[in-house]
Every structure is written in C-alpha cells, then in structure tokens.
C-alpha cells in the first residue's frame with residue numbers, strides 16, 4: 001500500500017498543479033465586467049470629444065458608458081426632428097475591435113431596423129419598421145428582451161442575446177442628435193395601439209391577373225401569368241416571394257396552391273424584416289408530401305419546428321392552405337380541416353408571402369381577411385358534431401345547416417374530429433335544380449384515396465357512390481325523380497354500408513372511420529341531421 005501511495009503521490013501533485021494553473025488562467029483570461037458607469041448618466045451629442053467619446057473608425061464613436069450584465073437600463077436619445085438623417089445606436093457590445101457580438105438600432109430616413117452583430121461581425125437585421133418620426137428614441141433593456149420606442153410608443157421588441165458591454169454611435173453626415181441619457185431600471189414603453197379591422201373585412205386580394213404587380217422575390221425563379229404565380233425552380237429550399245403589401249397583423253391568410261412537380265409549397269408570414277426569414281413563421285408541405293409542418297426561423301434564419309401532422313400527398317389537385325394569425329398564437333387549416341391551434345407566435349405581425357422547397361408550385365389565389373385578437377370558432381352544430389365551414393355561405397336554420405350560395409364553386413363543412421359513423425342519417429334538401437351535394441367520410445386529411453360516400457348532381461336527380469378515387473366515385477350510379485333525399489351511413493367493423501331512401505346501395509369492405517364532409521357545388525342545399533351516432 002505504501003509503495004502504491006509512493007508511486008501515485010507525484011502524479012497527484014502534478015494534477016493538483018495543473019488544476020491550479022488552469023483555474024488561474026481561466027480567472028485571468030475570463031472577460032471582466034470592470035467598473036460600471038454610475039447612473040443616471042447624461043452627455044451632450046453636439047460635439048463628440050474625449051474622454052466621453054473616442055472615434056475608433058470613421059463615423060463610429062465609442063462612448064464611455066459601460067453597462068452591467070445583470071441589470072436593466074433605459075437609453076434615451078433626443079435631438080432635432082428632421083425628415084432625413086441617419087444614425088446607429090450600438091449597445092451591449094462584447095467586442096469593440098473588431099465590432100462583434102452587439103445589438104444595434106439603425107435609423108435611416110423614415111425606416112428603423114434592429115438586429116445584432118454576430119461573432120464574425122456580420123450585421124443581421126431582424127426587424128424593419130417604417131417611421132413617422134425618429135426622435136426621441138428610447139431603448140429599454142431588460143434581462144431577456146429589449147424594446148425600442150419612438151415618441152414614447154413601442155416600435156419593436158426583440159430577444160436580448162448580449163448583456164452588459166459597451167455603447168457606440170455611428171453617425172452619417174450632420175447629426176440631429178443632441179443628448180444621450182442612460183437610466184438604471186426600465187420604464188414601460190406604451191404599446192402601439194393597432195386598429196383592428198372588423199372581422200371578415202377584406203384586407204388584400206390577389207388573383208394574379210395584374211401582371212404588372214411585383215412580388216418581392218427573396219429567392220427562387222418566379223413567373224407571373226394570367227391568374228397564377230409560379231415558382232419553377234425545383235432545386236433548393238425556402239424559395240420565397242413576398243406580397244407587395246406592408247406588415248400585417250390579426251388576419252386570416254388564405255392561399256390556393258397546386259403542385260406541378262414535387263411537393264413543398266406553402267406560406268411564410270409575420271416576417272419582421274422583408275429582406276430576411278429571421279423570426280418569421282412558415283407553414284408548408286414536407287418534401288415527400290406526406291405531412292404539413294409549421295414553425296418559425298430563429299435569429300440566424302435557422303428553422304425551428306413547432307409541429308406537424310400527416311396528410312394525404314397533395315398530388316396535382318388544388319389545395320386551400322389557411323393561417324389564422326392572432327395576437328399571441330396562430331392556427332393552421334388545410335382544405336377546411338384544422339391541423340393546429342394555439343401555436344405560439346414569435347412575431348405577431350409582419351410581411352406575408354409564398355414559399356416552395358424542392359418543388360414547382362403554382363399559386364392561384366392569395367387573400368387576407370381581418371380577424372379578431374382572439375380565436376373566433378367558426379363552428380356549426382350538426383347533431384352532436386361540430387363542423388367547420390370553408391367557402392360558401394353556411395347558416396344554421398333549426399337543426400339543419402344550409403349552404404346558400406348559388407356560385408358554382410365547391411363549399412365544404414367538415415367535422416372537427418374524426419368520427420366513426422355507427423349510424424348516420426342525413427336528409428338533403430334541394431332549393432335549386434342545378435345544385436350538387438355530397439356526403440363523405442374521409443379517413444385522412446385531404447380528399448384523396450380512402451374516402452367513401454355518395455354524391456348528387458342536377459338538384460338531387462343523379463346519385464353516384466362508392467370510394468373516392470381522386471375526383472371520381474368508383475361505385476354505381478342511379479337516376480332519381482328528384483326531391484329531398486335521405487342518406488344513411490353505417491360502419492360495422494371494417495364494412496361500410498351506404499343507404500339511399502331506405503334502400504342499401506353498396507357494402508364497402510375495408511371502409512374506415514374519418515372526418516364527416518358535407519360538400520356542395522352551387523346551392524342552396526340543406527343538410528338535416530336526422531340521426532347521428534358517432
């Protein structure tokens with residue numbers, strides 16, 4: 001034992017010495033916060049002179065202000081309000097030469113942008129906002145976020161990556177700034193009050209018939225034709241074109257898209273900066289077409305997923321993708337079916353646009369409608385079920401629901417959840433000899449293979465039934481005398497039975513449960529829930 005101790009004693013001493021040396025080096029080389037600037041602090045900006053200011057490069061001035069890492073501050077710049085002038089406030093700078101790891105707020109004319117310098121000194125703008133005035137400018141630094149205000153009203157609020165450090169000013173031409181004040185603690189900057197339009201009001205409509213209207217292309221090869229905007233490049237991710245409108249909030253975004261090659265079409269929304277995806281949101285089809293996913297981009301522009309759901313591949317059929325953007329959350333819908341709700345927003349307002357990845361996609365419609373600050377649930381009761389409507393003009397009349405629009409477009413009402421129709425009896429009432437209607441059970445989101453049901457045309461005088469094969473029914477057909485029709489569905493085990501006016505039409509093997517879909521092509525058509533046993 002003594003021999004063993006004698007052998008390991010020198011090794012132990014060596015390890016102890018190395019540990020002490022490493023600790024000493026760590027303490028010696030670790031960044032030290034140093035003395036902080038006493039608060040409150042004030043200095044004039046008419047003439048920048050030492051020792052308060054040092055010009056470290058042309059137009060870039062280092063102040064004597066040093067901020068603490070675990071403290072909150074309020075920076076206030078005042079001066080003469082001019083129409084056109086430029087300056088940049090750089091704060092929480094961790095490196096001065098070269099300038100890196102710092103935040104900035106930049107004013108250029110009537111535009112304010114804010115972001116950060118990364119470890120390589122590259123400026124990354126995260127938000128861009130138009131300004132009516134540029135002074136007084138206030139920056140409120142909390143532990144995790146900073147908020148920028150002009151004239152006492154909030155302009156933008158962003159995550160705080162860096163804390164403490166130095167403060168600098170970059171000036172171009174004759175400066176309008178006259179005074180800098182720094183206070184300990186923060187004061188609440190008054191949030192900007194945004195007038196919320198009446199829900200349902202049209203904010204923007206794009207049918208791509210005006211070929212002179214220019215989308216802002218961030219990436220990809222986009223071409224506009226009579227009634228469509230197409231992204232033709234099938235290689236690469238996140239091909240984006242932004243709509244030619246300003247930042248939006250509290251809206252329902254409706255986009256109709258059709259995949260011509262591959263899958264991967266969708267939308268981007270609430271982009272704070274029209275030149276970057278950073279802190280914006282995305283919803284689109286996955287490249288294999290078997291799911292739709294959603295999420296946001298972080299400050300570096302890297303995508304962070306927030307969820308996905310499996311769907312039928314989009315094929316070559318048109319699909320309707322919808323996003324409801326509220327004050328703190330958003331919801332996602334596909335072809336009238338809700339995929340997600342109450343998803344947290346990183347940015348509650350910003351630019352909107354279209355996107356593709358590894359796919360050629362044609363967009364034929366983009367519409368914005370105002371929505372309220374909290375989710376409005378557009379459900380209609382149908383027996384014990386709740387249906388969401390898409391397209392058309394759906395109303396409740398007693399126990400029945402009616403689609404009143406006579407326009408020859410497809411309108412749908414879809415159950416909120418998947419149901420198993422142990423017995424489902426629905427009466428269809430016809431108020432037009434040209435109207436068409438259908439009742440389907442669709443096992444998956446989308447209206448492709450696997451769904452089953454019955455379809456009527458010519459005001460209920462022609463019926464076809466069976467399984468859904470793309471846009472066709474693979475079963476039989478029957479000419480009827482007209483009048484109201486009663487449809488019955490029964491699912492026993494894996495067998496689905498379809499009845500019409502108390503006569504069994506077909507028994508389908510391997511039938512599945514799914515979403516109840518009431519569909520019309522023109523109207524008015526009424527649906528009465530005679531018996532609903534899900």
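Residue numbers (the UniProt record's numbering): 1 to 534. Backbone N, C-alpha and C define an ideal beta-carbon position, used for all residues, glycine too.
- Three or more beta-carbon pairs separated by less than 8 Å are not found between the region 337 to 354 and the region 392 to 399, which leaves the two stretches without contact.
- The C-beta of residue 147 has 16 or more other C-beta atoms within 10 Å across all chains shown, which makes the residue buried.
- Contact check for residue 461 against residue 482 passes: the beta carbons are separated by less than 8 Å.
- When the alpha-carbon of residue 220 is set against those of 257, 176 and 361, the nearest one is in 361.
- In this chain, the beta strand (DSSP E) harbouring residue 270 covers 266 to 271.
- DSSP places residue 129 in the uninterrupted beta strand (DSSP E) bounded by 123 to 130.
- Short of 6 Å from the beta carbon of residue 279, and not among the five residues preceding or following it, lie these beta carbons of its own chain, in chain order: 126, 272, 346 and 347.
- In the DSSP assignment, residue 92 falls within the beta strand (DSSP E) that extends over 86 to 93.
- DSSP places residue 328 in the coil class of the three-state scheme, outside both helix and strand.
- Between the region 171 to 186 and the region 50 to 64, the count of Cβ pairs shorter than 8 Å is three or higher; the stretches touch.
- Along the length of the region 424 to 455, whole beta strand (DSSP E) runs at least 3 residues long occupy 436 to 442, reported in chain order.
- Taking the Cβ atoms as the reference, residue 282 lies roughly 13 Å from residue 242, outside the contact range of under 8 Å.
- As summarised for the region 284 to 320, the continuous beta strand (DSSP E) elements at least 3 residues long and confined to that stretch are 291 to 297 and 303 to 310, given in chain order.
- Between residue 414 and residue 438, the C-beta gap is not smaller than 8 Å, which leaves the two residues out of contact.
- Residue 244 has its alpha-carbon roughly 51 Å from the corresponding atom of residue 499.
- With a cut-off of 8 Å on Cβ pairs, the region 206 to 215 is not in contact with the region 69 to 78, counting fewer than three such pairs.
- For residue 354, the enclosing beta strand (DSSP E) stretches over residues 351 to 356.
- Its chain contains 205 and 254 as the residues whose beta carbon lies nearer than 6 Å to that of residue 367, once the 5 sequence neighbours on both sides are disregarded; these appear in chain order.
- Ranked by how close their Cα comes to the Cα of residue 124, the residues 302, 496, 474 and 531 have 302 in first place.
- Of the candidates 317, 333 and 342, the residue whose Cα lies closest to the Cα of residue 327 is 342.
- DSSP places residue 489 inside the beta strand (DSSP E), whose first and last residues are 485 to 492.
- Looking only at 275, 233, 296 and 246, the smallest Cα-Cα distance to residue 267 is reached by 296.
- With respect to residue 179, residue 86 sits apart: the two C-beta atoms are not nearer than 8 Å.
- The bridge partners DSSP lists for residue 533 are 423.
- Going by C-alpha positions, residue 430 is about 8 Å away from residue 523.
- Spanning the alpha carbons of residue 384 and residue 428 requires a straight line of approximately 18 Å.
- Straight across, the Cα-Cα distance linking residue 104 with residue 93 is about 9 Å.
- DSSP places residue 274 outside both helix and strand once states are collapsed to three, so it counts as coil.
- Taking a contact to require three or more Cβ pairs closer than 8 Å, the region 153 to 160 and the region 108 to 125 qualify as touching.
- Taken atom to atom, the span from the alpha-carbon of residue 234 to that of residue 292 is near 19 Å.
- If you ignore the 5 residues before and after residue 504, its C-beta comes within less than 7 Å of the C-beta of 497, all in its own chain and listed in chain order.
- In the DSSP assignment, residue 240 falls within the unbroken beta strand (DSSP E) covering 239 to 242.
- The C-beta distance from residue 358 to residue 237 rounds to 7 Å, short enough to meet the 8 Å contact threshold.
- DSSP places residue 380 inside the beta strand (DSSP E), whose first and last residues are 379 to 382.
- Relative to residue 485, the option among 466, 494, 120 and 459 whose CA is nearest is 459.
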